[in-house]
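Worksheet: the structure to be examined is printed underneath.
Residue numbers (my numbering): 110 to 187.
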């Protein structure tokens, strides 16, 4: 009889621990995924600076936008 009581106590302890773990997991902050950048395939671009100099460039749309910001140019697809 004592052995059955020990088994039930151990089972109750495991169940309580599992419930506590589940509650902690559900109460934690929400998960957020990293934004996916859809930059697309690479294209040939012609970038023009303020003086009219044309600079050829190959890259995705995201690369071209970054190149524009860094070099103060305007890029169009070739």
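In this text, a Cβ means the ideal position worked out from N, Cα and C, and glycines have one as well.
- When the alpha-carbon of residue 159 is set against those of 184, 114, 116, the nearest one is in 184.
- The bridge partners DSSP lists for residue 179 come to none.
- Residue pairing for residue 165: DSSP places it in a beta bridge opposite 155.
- Residue pairing for residue 184: DSSP places it in a beta bridge opposite 156.
- Sequence-distant Cβ neighbours of residue 166 in its own chain, meaning closer than 7 Å and more than five residues away, are 154, 156, 173, 176, 184.
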